[in-house]
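Participant:
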Amino acid sequence: MTRLSGITPSGHIHLGNHLGAIRRWAAESEPDDLYFVSDLHAMTLPYRPERLRALTRENLAVLLAAGIDPGSVFVQSDLVGELGALNWVLECTCGYGEAARMIQFKEKAAEQDSARLGLLTYPVLMAADILLQGASEIPVGNDQNQHVELARTLARRFNASYGEVFTVPAAAVPRAAAGVRDLADPGRKMAKSAQQQNGVVFVLDEPDVAQRKINRAKTDDLRDVRYEPEQRPGLANLIEILAVCTGVSPYAAARTATTYAQLKDAVAEAVLEELRPVRERARELLDDPGELERVREKGARQAAERASSRLGAALRVAGLR
Ligand code: AQP
25 MTRLSGITPS GHIHLGNHLG AIRRWAAESE PDDLYFVSDL HAMTLPYRPE RLRALTRENL
85 AVLLAAGIDP GSVFVQSDLV GELGALNWVL ECTCGYGEAA RMIQFKEKAA EQDSARLGLL
145 TYPVLMAADI LLQGASEIPV GNDQNQHVEL ARTLARRFNA SYGEVFTVPA AAVPRAAAGV
205 RDLADPGRKM AKSAQQQNGV VFVLDEPDVA QRKINRAKTD DLRDVRYEPE QRPGLANLIE
265 ILAVCTGVSP YAAARTATTY AQLKDAVAEA VLEELRPVRE RARELLDDPG ELERVREKGA
325 RQAAERASSR LGAALRVAGL R
């Protein structure tokens with residue numbers, strides 16, 4: 025069984041990405057699992073090339089620094105040739121209406137003056153990511169379920185129309201993950217691409233910067249520390265962060281502090297301790313481009329090897345060879 029998970033370098037990796045995904049990827053990874061930096065997906069919205077290049081390196085460094093096996097990571101664009109080829113084959117397997125139905129497309133397109141065509145077609149590219157690597161299980165949150173369903177549909181349709189080439193993937197519901205909220209605006213989830221970054225703790229933030237963001241986190245006027253996620257989302261977010269970092273339940277974490285100041289100190293201490301080794305290792309990797317480059321090249325080679333016979337078979341049965 026191969027599980028495939030990706031991270032899009034749409035910004036710097038933050039505490040939510042770390043606690044909700046990367047930390048678990050590192051802890052629970054099986055030898056066949058794959059992790060990739062999906063830089064091609066970051067092009068669906070306006071972006072700056074130099075920043076994308078730097079963020080791709082940085083995201084890769086953070087994955088490795090968090091303890092993900094260097095043998096299981098790769099960068100998506102290192103397979104741009106193979107993915108481009110399969111993407112076209114799959115676009116010609118997908119109905120326009122199927123792509124246009126994607127909820128994420130509708131939501132994100134509505135926020136744009138002129139949505140890119142790639143925003144419409146990127147779930148097909150995501151299907152190519154999955155099918156090219158022969159991944160069988162895709163751990164995703166609710167917002168990505170529909171895209172994995174599309175990948176399943178395309179794999180089945182292609183296999184039935186032209187010949188059995190692809191493993192049909194399935195979405196896997198990850199164990200209840202920490203959904204970290206923006207510290208300054210707990211109504212939103214913490215996000216890489218947040219316009220205002222004062223509520224987003226980045227993994228590579230210097231300790232004093234992270235501490236300041238936590239100290240200024242939005243709470244409420246009630247003063248007593250109690251875990252009530254519905255009524256008091258800002259406070260509950262801090263409590264949940266403390267709980268995940270220290271490995272206790274939110275109720276137990278709430279009992280460790282009596283004032284908001286105490287709670288914020290405890291959260292800052294736990295977060296800094298959690299992120300310190302990752303930040304330090306990532307900085308080392310970023311300062312030694314040789315090692316990062318070697319990991320990237322090896323990852324690209326292995327991913328291309330996994331892809332090659334499957335792509336060849338797909339092109340053959342589709343009438344192209
Ligand atoms: N706030 C969060 N709390 C917990 N988990 C989170 N993840 C993202 N935000 C939170 C998880 O991180 C993994 C990688 O995310 P992604 O790069 O695929 O994209 P995303 O979910 O869209 O992440 P962002 O940070 O919110 O980026 P933007 O701003 O570009 O949308 C996923 O497993 C995700 O669940």
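Numbering (this note's numbering), first residue to last: 25 to 345.
C-beta: ideal position from N, C-alpha, C; glycine also.
Using C-beta distances below 8 Å, list every residue in its chain close to V99, excluding the 5 sequence neighbours before and after it, in chain order.
Facilitator: Within the same chain, V99 has close Cβ partners F60, V61, D63, T80, L84, R320, G323 and A324.
Participant: Tell me the residue span of the alpha helix (DSSP H) that contains V341.
Facilitator: Its alpha helix (DSSP H) spans residues P313 to V341.
Participant: Just to confirm the assignment, what range does the alpha helix (DSSP H) spanning I238 have?
Facilitator: P231 to N239 is the extent of the alpha helix (DSSP H) around I238.
Participant: Measuring CA to CA, which of T26, V189 and T270 is closest to A337?
Facilitator: When only C-alpha atoms are compared, the closest one is V189.
Participant: Suppose the cutoff is 6 Å on Cβ atoms and the five residues either side in sequence are ignored; what does the same chain contact list for T117 look like?
Facilitator: L178, R181 and F182, listed in sequence order.
Participant: Straight-line CA distance for A78 to V268?
Facilitator: Cα-Cα distance, rounded: 30 Å.
Participant: For L110, name the three-state secondary structure that DSSP assigns.
Facilitator: DSSP places L110 in helix when its eight states are reduced to three.
Participant: Which term fits N111, buried or exposed, when burial requires 16 or more other beta carbons within 10 angstroms of its beta carbon?
Facilitator: Looking at its Cβ environment, which holds 16 or more other Cβ atoms inside 10 Å, N111 is buried.
Participant: Residues around the ligand AQP, please: the ones whose beta-carbon is closer than 5 Å to some heavy atom of it, in chain order.
Facilitator: Every residue passing the under-5 Å Cβ criterion appears here: I31, T32, S34, G40, N41, G44, A45, G165, G203, V204, K213, M214, A215, K216 and S217.
Participant: Spell out a yes or no on whether the stretch 89-108 and the stretch 40-50 are touching, meaning 3 or more CB-CB pairs, one atom from each, closer than 8 Å.
Facilitator: Enough Cβ pairs lie closer than 8 Å, so yes.
Participant: Within this structure, are the beta carbons of G258 and K242 separated by less than 8 Å?
Facilitator: Cβ distance < 8 Å, so G258 and K242 count as in contact.
Participant: Using the C-alpha atoms, what's the distance from P163 back to A196?
Facilitator: Taking the straight line from one Cα to the other gives about 4 Å.
Participant: Between which two residues does the beta strand (DSSP E) carrying A278 extend?
Facilitator: It is not in any beta strand (DSSP E) - A278 instead sits in the alpha helix (DSSP H) that spans P274 to A278.
Participant: What number of angstroms, rounded off, separates the C-alpha of P193 from the C-alpha of Q170?
Facilitator: C-alpha separation (whole angstroms): 13 Å.
Participant: Buried or exposed for S332, going by 16 or more other Cβ atoms inside 10 Å?
Facilitator: Result: exposed.
Participant: Would you mind working out which of A342, S160 and L174 sits nearest D56, comparing C-alpha positions?
Facilitator: Nearest C-alpha to D56: S160.
Participant: For P163, which beta-bridge partners are listed by DSSP?
Facilitator: A196.
Participant: Indicate whether the contact test is met: 3 or more Cβ pairs, each with one atom in the stretch 289-305 and one in the stretch 227-234, closer than 8 Å.
Facilitator: Because the criterion of three Cβ pairs below 8 Å is met, the stretch 289-305 and the stretch 227-234 touch.
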